[in-house]
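All remarks here apply to the structure that follows.
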Amino acid sequence: MKILQYSILFLFLVVVAGEAVAQQKRKIQYRADSLFFAKKDGESYRKLKNNVVFEQKSTIVYCDSSFFYPARNVMEAYGRVRIVDDSVTITSRKLIYDGNARSAKLRDKVVYTRGERQLFTDFLDYDLETEVANYFNNGKLVDTTNTLTSEIGYFYAQQNYALFWNEVVLTAPDYVLEADTLRYNTITKVATTYGPTEVTSDDGTILYSQASEFRTVTDQSQFVEGNIETQDYTLIGDELFFDDLRKYYKAIGNVKLIAK
418 MKILQYSILF
428 LFLVVVAGEA
438 VAQQKRKIQY
448 RADSLFFAKK
458 DGESYRKLKN
468 NVVFEQKSTI
478 VYCDSSFFYP
488 ARNVMEAYGR
498 VRIVDDSVTI
508 TSRKLIYDGN
518 ARSAKLRDKV
528 VYTRGERQLF
538 TDFLDYDLET
548 EVANYFNNGK
558 LVDTTNTLTS
568 EIGYFYAQQN
578 YALFWNEVVL
588 TAPDYVLEAD
598 TLRYNTITKV
608 ATTYGPTEVT
618 SDDGTILYSQ
628 ASEFRTVTDQ
638 SQFVEGNIET
648 QDYTLIGDEL
658 FFDDLRKYYK
668 AIGNVKLIAK
């Protein structure tokens with residue numbers, strides 16, 4: 418019986434020690450020009466002002482003022498907010514940072530920057546462990562080639578792709594694409610759409626399809642169940658191939674060419 422009690426006690430101590438170590442690893446360090454201690458509704462908090470800096474692991478947060486709740490390991494930041502984490506920098510006017518979950522909720526004039534890519538929105542949630550950023554209520558992703566806007570967007574930095582939903586618009590140098598759902602590879606700059614898609618080229622050519630793949634760097638496209646409308650004719654087919662640079666069109670399956 419004593420052996421069992423000792424075993425249970427040992428297991429309990431191991432669990433507590435493990436939690437203590439985990440909490441120690443997640444502890445947020447902070448400094449500021451002014452620091453005030455206060456309590457509200459039974460919860461202690463710190464109020465920091467001017468040149469506020471928070472640090473946790475590789476993450477550094479700068480802001481003008483902040484409230485820090487040590488029991489929950491949560492901070493609220495206001496003013497000129499800036500998060501720096503490895504290769505990512507995010508600025509906003511407001512931030513709620515959960516040190517235990519390693520998650521950030523940024524609001525108002527948010528700008529996410531990673532390498533050559535920038536994301537603009539007023540509502541951004543960011544997981545610092547998985548490096549997944551998602552916006553809702555409209556946002557814009559800009560790189561050296563294209564600009565993408567939508568109502569909802571997810572950016573997977575480690576996997577090098579982004580997903581966009583609802584009123585998606587991709588603006589490329591030679592055309593504008595509109596769709597409801599789009600996947601974008603941030604390295605190859607290949608855009609894949611799911612569902613009805615419309616593309617308007619700079620020469621007035623219009624393309625419709627139910628799904629498509631656009632190689633935005635080489636201006637080559639592949640469509641499923643679509644048609645291409647030029648000033649002179651309409652080309653219809655189960656599969657369509659379009660090379661915008663060479664003005665080359667190809668159709669396969671149930672092909673129709675209708676002159677205007």
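When the sequence shown is numbered by my numbering, its final residue is 677 and no position is left out of the sequence of numbers.
Note that beta-carbon positions come from the ideal geometry of N, C-alpha and C, so glycine has one too.
Close Cβ partners of residue i (< 8 angstroms) along its chain, the five nearest in sequence each way excluded
i       : result
Val-461 : Correcting the residue type first, residue 461 is Ser in the shown sequence and not Val. Excluding residues within five positions, the ones whose Cβ falls inside 8 angstroms are Phe-454, Ala-455, Tyr-486, Pro-487, Ala-488.
Ile-604 : Asn-577
Gly-670 : Gly-654, Asp-655, Glu-656
Asp-502 : Ser-475, Thr-476, Ile-477, Leu-545
Thr-561 : Glu-533
Terminal residues of the beta strand (DSSP E) in which residue i lies
i       : result
Gly-459 : That residue, Gly-459, is in no beta strand (DSSP E); it is neither H nor E in DSSP.
Ala-676 : 673-676
Ile-507 : 505-515
Ala-488 : No beta strand (DSSP E) contains Ala-488, which DSSP labels as neither H nor E.
Lys-371 : In this structure the chain extends from 418 to 677, so residue 371 is not present and cannot be described.
Ile-604 : Taken as a continuous stretch (DSSP letters only), Ile-604 belongs to no beta strand (DSSP E), as it is neither H nor E.
Asp-542 : 534-544
Leu-523 : 520-531
Ser-567 : 564-567
Gly-670 : Unbroken run through Gly-670: none, as it is neither H nor E.
Asn-583 : 578-588
Ser-638 : 637-646
Thr-651 : 650-660
Residue i versus residue j - alpha carbon distance
i       : j       : result
Gly-612 : Val-585 : 12 angstroms
Leu-594 : Val-616 : 4 angstroms
Thr-609 : Ser-509 : 30 angstroms
Asp-661 : Gln-637 : 6 angstroms
Lys-557 : Phe-540 : 11 angstroms
Arg-448 : Ser-483 : 11 angstroms
Leu-624 : Thr-614 : 8 angstroms
Ser-629 : Phe-581 : 15 angstroms
Thr-566 : Glu-548 : 20 angstroms
Gly-516 : Val-498 : 16 angstroms
Val-559 : Tyr-601 : 12 angstroms
Ser-475 : Arg-463 : 22 angstroms
Val-679 : Phe-537 : Nothing in the structure corresponds to residue 679, since the chain is present only between 418 and 677.
Gln-469 : Asn-554 : The sequence given here places Val at residue 469; Gln does not occur at that position. Answer to the nearest angstrom: the Cα atoms are 29 angstroms apart.
Asp-525 : Lys-664 : 43 angstroms
Phe-640 : Ser-618 : 15 angstroms
Arg-443 : Tyr-495 : 22 angstroms
Val-491 : Gln-535 : 27 angstroms
Ile-445 : Asn-467 : 18 angstroms
Leu-523 : Glu-568 : 17 angstroms
Asp-620 : Phe-572 : 32 angstroms
Tyr-479 : Phe-471 : 7 angstroms
Tyr-514 : Asp-597 : 32 angstroms
Ile-500 : Ile-507 : 5 angstroms
Asp-481 : Lys-511 : 10 angstroms
Glu-546 : Glu-533 : 21 angstroms
Thr-635 : Gly-570 : 25 angstroms
Close beta carbons around residue i, own chain, < 6 angstroms, minus the five adjacent residues each side
i       : result
Tyr-543 : Ala-521, Ala-550
Leu-465 : Ala-449, Leu-452, Ser-483
Phe-631 : Ala-608, Ser-638
Lys-673 : Ile-653
Lys-667 : Phe-658
Thr-622 : Thr-647
Cβ neighbours of residue i in the same chain (closer than 7 angstroms, five flanking residues each side left out)
i       : result
Arg-531 : Ser-504, Val-505, Ala-574
Asn-563 : Leu-587, Thr-588, Ala-589, Lys-606, Thr-633
Asn-644 : Tyr-625, Thr-651, Leu-652, Ile-653
According to DSSP, residues forming a beta bridge with residue i
i       : result
Arg-497 : Answer is none; Arg-497 lacks a bridge partner.
Phe-553 : In DSSP, Phe-553 forms no bridge with anything.
Gln-575 : Answer is none; Gln-575 lacks a bridge partner.
Arg-448 : Val-470
Arg-463 : Phe-454, Phe-485
Glu-595 : Val-586, Glu-615
Asp-502 : Thr-476, Val-505
Thr-609 : Arg-600, Glu-630
Can you list the beta strand (DSSP E) stretches of 3 or more residues lying completely in the segment 611-635, in chain order? Listed in chain order, they are 623-632.
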